[in-house]
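Enquirer:
In the numbering used here, the protein residues as written are 3 to 336.
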């Protein structure tokens, strides 16, 4: 069967009861990234998949639709967005032996409200010419004065930065994290700006020597003829927290509280958690699959290996409000 993509599902909210053999998805990720998976799922089960791409306002839309929402599943990236949906009361817990087997404990909500599919590491991009091997080993080291005027990063209030700061709070507490933030700020080469790729471009152009970024951006840059030169100017380094692992974030799926097709939605969640499906999903965005026995593609593996931080990501998300407060207190973006 063929995938039926749609860019808007609003009309379904007020239409007749849902067709039995279908699933409706609200996705933060572009449908093209999902299509190989949804095609495979439809071919295997006969269940049609409708995808609405929502790059912003997903929570607000679900709240406005309430019980009439056509959405069965939400796909999003970053633990802060997954936790926000849970905290807004928009999801329901899911219990499944298949999911429990395929998704490690640190990558799903302890109460079953969301389940991870792939991960990305928050790493350091380092100039091949100006940063020696072994110079960057920990996140804590980024506050060392040796990096003064040498660091670029995106906004301190961005979800990716808040996630790292939240993890720092979990390991060191708020007071020590505030001191660390002040140290990192004092080492910045410029005011925080741009996305992760913009930081690598700044390294390439000589504005700074290291930057924070997600691993998958290396794959995206290498796939872009204009940006390949930026990517080839840096090494990918996997710092850790002192006495812990490398900070990772997650893409995940959750079943909505009012899912009109819950049985089909659960089938989709279990399908997505399989090693085969995770490898397809991870390859599409240069990420790491998390199911036991699954492997990243060769390009991603070529960047190096790492041990992920073992703290459950929902625990990390619990520090988000404090992290944002600390970023504002030190005027990180100022």
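Beta carbons: idealized from backbone N, C-alpha and C, even for Gly. Just so we're clear, the structure is a prediction, and the values are computed from it rather than from any experiment.
Measure how close the beta-carbons of residue 315 and residue 109 come, nearest whole angstrom, since I'm counting them as under 8 Å.
Expert: Within the chain shown, residue 315 is the residue found at index 313, counting from 1. Within the chain shown, residue 109 is the residue found at index 107, counting from 1. Right, their Cβ atoms sit about 7 Å apart.
Enquirer: Output the residue ranges of the beta strand (DSSP E) runs that lie fully inside the segment 146-234 and measure 3 residues or longer, sorted by chain position.
Expert: If we require 3 residues or more, the beta strand (DSSP E) runs fully inside the segment 146-234 come out as 212-216.
Enquirer: In terms of alpha-carbon separation, which member of 81, 117, 82 lies closest to residue 97?
Expert: By one-based count along the chain shown, residue 97 stands at place 95. Ranking the options by Cα distance to residue 97, first place goes to 117.
Enquirer: Going by DSSP, name the residue or residues bridged to residue 75.
Expert: Counted from its first residue, the chain shown places residue 75 at position 73. Paired residue(s): 27, 257.
Enquirer: Using 8 Å as the cut-off, can you tell me whether the segment 121-138 makes contact with the segment 248-266, which would need three or more C-beta pairs spanning the two stretches below that distance?
Expert: The segment 121-138, when compared against the segment 248-266, does touch it at the 8 Å Cβ threshold.
Enquirer: Is there contact between the segment 276-294 and the segment 90-105, where contact requires at least three CB pairs shorter than 8 Å?
Expert: Yes, the segment 276-294 is in contact with the segment 90-105.
Enquirer: With DSSP run on the structure shown, which of helix, strand or coil describes residue 53?
Expert: Here residue 53 refers to the residue found at position 51 of the chain shown. Strand at residue 53.
Enquirer: For residue 268, which of helix, strand or coil comes out of DSSP?
Expert: As a working mapping, residue 268 is identified with position 266 in the chain shown. Reduced to three states, the DSSP call for residue 268 is helix.
Enquirer: What ranges does the beta strand (DSSP E) occupy inside the segment 92-140, keeping only unbroken runs of at least 3 residues that lie completely in it?
Expert: As far as the segment 92-140 is concerned, its whole beta strand (DSSP E) runs of at least 3 residues are 117-129.
Enquirer: Kindly indicate which three-state DSSP category residue 298 falls into: helix, strand or coil?
Expert: The residue labelled residue 298 in the question sits at position 296 within the chain shown. It is coil, neither helix nor strand.
Enquirer: For the ligand ADP, any of its heavy atoms closer than 7 Å to the Cβ of residue 139?
Expert: In the structure on display, the ligand ADP does not appear, and there are no ligands present to speak of.
Enquirer: Using three-state DSSP, classify residue 329 as helix, strand or coil.
Expert: Counting from one through the chain shown, the residue named residue 329 turns up at place 327. Correct three-state label for residue 329: helix.
Enquirer: Leaving out five residues before and five after residue 38 in sequence, what residues of the same chain have Cβ atoms less than 6 Å from its Cβ?
Expert: The count along the chain shown starts at 1 and reaches residue 38 at position 36. Answer for residue 38: 282, listed in chain order.
Enquirer: Tell me which residue opens and which closes the beta strand (DSSP E) that residue 237 is part of.
Expert: By 1-based counting over the chain shown, the position of residue 237 is 235. Taken as a continuous stretch (DSSP letters only), the beta strand (DSSP E) holding residue 237 covers 236-239.
Enquirer: Buried or exposed, going by whether 16 or more other CB atoms sit within 10 Å of the CB of residue 331?
Expert: Along the chain shown, one-based indexing puts residue 331 at 329. With fewer than 16 other Cβ atoms within 10 Å, it is exposed.
Enquirer: Exposed or buried, what is residue 57 when buried is set at 16 or more other beta-carbons lying within 10 Å of its beta-carbon?
Expert: On the chain shown, residue 57 is found 55 positions in, with the first residue counted as 1. Result: exposed.
Enquirer: Where does residue 112 land, buried or exposed, given buried means 16+ other C-beta within 10 angstroms?
Expert: The residue you call residue 112 lines up with position 110 of the chain shown. Classification of residue 112: exposed, given that the 10 Å Cβ count is below 16.
Enquirer: What are the start and end residues of the alpha helix (DSSP H) that includes residue 82?
Expert: For this step, residue 82 is matched to residue 80 along the chain shown. It spans 81-89 - the alpha helix (DSSP H) in which residue 82 sits, taken as one unbroken run.
Enquirer: Do the segment 21-30 and the segment 64-77 meet, that is, are 3 or more Cβ pairs less than 8 Å apart?
Expert: Touching, yes, given that three or more Cβ pairs across the two stretches are closer than 8 Å.
Enquirer: Assuming contact is defined by CB atoms lying nearer than 8 Å, are residue 81 and residue 324 in contact in what I supplied?
Expert: Indexing the chain shown from 1 puts residue 81 at position 79. Indexing the chain shown from 1 puts residue 324 at position 322. Cβ atoms of residue 81 and residue 324: not closer than 8 Å.
Enquirer: Cα separation between residue 136 and residue 205?
Expert: Here residue 136 refers to the residue found at position 134 of the chain shown. Here residue 205 refers to the residue found at position 203 of the chain shown. Looking at the two C-alpha atoms, the distance is approximately 18 Å.
Enquirer: In its own chain, which residues sit with a C-beta less than 8 Å from the C-beta of residue 318, not counting the 5 before and 5 after it?
Expert: Against the chain shown, residue 318 aligns to sequence position 316. Result list for residue 318: 81, 165, 168, 169, 172, in chain order.
Enquirer: Alpha carbons only, please: which of 189, 158, 178, 87 is nearest the one belonging to residue 326?
Expert: Here residue 326 refers to the residue found at position 324 when the chain shown is read from its first residue. For the residues 189, 158, 178, 87, the minimum Cα distance to residue 326 belongs to 158.
Enquirer: Can you give me the Cβ contacts of residue 5 inside the same chain, cut-off strictly under 7 Å, excluding the 5 residues immediately before and after it?
Expert: Mapped onto the chain shown, residue 5 falls at position 3. Residue placement at residue 5 is poorly supported in this model, since its pLDDT is 36, which falls under 50; the coordinates still yield a value, given next. Answer for residue 5: 37, 40, 41, 44, 51, listed in chain order.
Enquirer: Would you call residue 245 buried or exposed, if buried means 16 or more other Cβ atoms sit within 10 Å of its Cβ?
Expert: The residue labelled residue 245 in the question sits at position 243 within the chain shown. The residue is exposed, with fewer than 16 neighbouring Cβ atoms inside 10 Å.
Enquirer: For the alpha helix (DSSP H) containing residue 318, name the first residue and the last one.
Expert: Numbered from its first residue, the chain shown carries residue 318 at position 316. Start and end: 315-319.
Enquirer: Can you name the residues that DSSP bridges to residue 290?
Expert: Numbered from 1 along the chain shown, position 288 holds the residue referred to as residue 290. Answer by DSSP bridge pairing, in chain order: 121.
Enquirer: Judging by CA-CA distance, which residue of 299, 248, 215, 60 is the nearest neighbour of residue 156?
Expert: Residue numbering aside, residue 156 sits at position 154 when the chain shown is read from its first letter. Among 299, 248, 215, 60, the Cα nearest to that of residue 156 is on 215.
Enquirer: Find out if the Cβ-Cβ distance for the pair residue 269, residue 47 is shorter than 8 Å.
Expert: If you number the chain shown from 1, residue 269 lands on position 267. If you number the chain shown from 1, residue 47 lands on position 45. Cβ atoms of residue 269 and residue 47: closer than 8 Å.
Enquirer: Between which two residues does the alpha helix (DSSP H) harbouring residue 262 extend?
Expert: Counting from 1 along the chain shown, the entry for residue 262 is found at position 260. Premise fails: residue 262 is in no alpha helix (DSSP H) and is neither H nor E.
Enquirer: Taking C-beta to C-beta, are residue 127 and residue 249 nearer than 8 Å?
Expert: Here residue 127 is taken as the residue at index 125 of the chain shown, counted from 1. Here residue 249 is taken as the residue at index 247 of the chain shown, counted from 1. Cβ distance not < 8 Å, so residue 127 and residue 249 don't count as in contact.
Enquirer: Within 10 angstroms of its Cβ, does residue 29 collect 16 or more other Cβ (buried), or is it exposed?
Expert: Within the chain shown, the letter at position 27 stands for residue 29. Buried, because 16 or more other Cβ atoms sit within 10 Å of the Cβ of residue 29.
Enquirer: In chain order, what residues of the same chain lie with their CB nearer than 6 Å to the CB of residue 302, ignoring the 5 residues before and after it?
Expert: Here residue 302 refers to the residue found at position 300 when the chain shown is read from its first residue. If we look at residue 302 and ignore the five residues flanking it on each side, its Cβ neighbours are 288.
Enquirer: Taking the straight line between their C-alpha atoms, what separation do you get for residue 234 and residue 68?
Expert: Taking the chain shown and counting its residues from 1, one reaches residue 234 at position 232. Taking the chain shown and counting its residues from 1, one reaches residue 68 at position 66. So the alpha carbons of these two residues sit roughly 48 Å apart.
Enquirer: Residues bridged to residue 337 by DSSP?
Expert: Nothing about residue 337 can be reported from this structure: the residues present for the chain run from 3 to 336 only.
Enquirer: Where does residue 65 land, buried or exposed, given buried means 16+ other C-beta within 10 angstroms?
Expert: Counting from 1 along the chain shown, the entry for residue 65 is found at position 63. Residue 65 should be labelled exposed.
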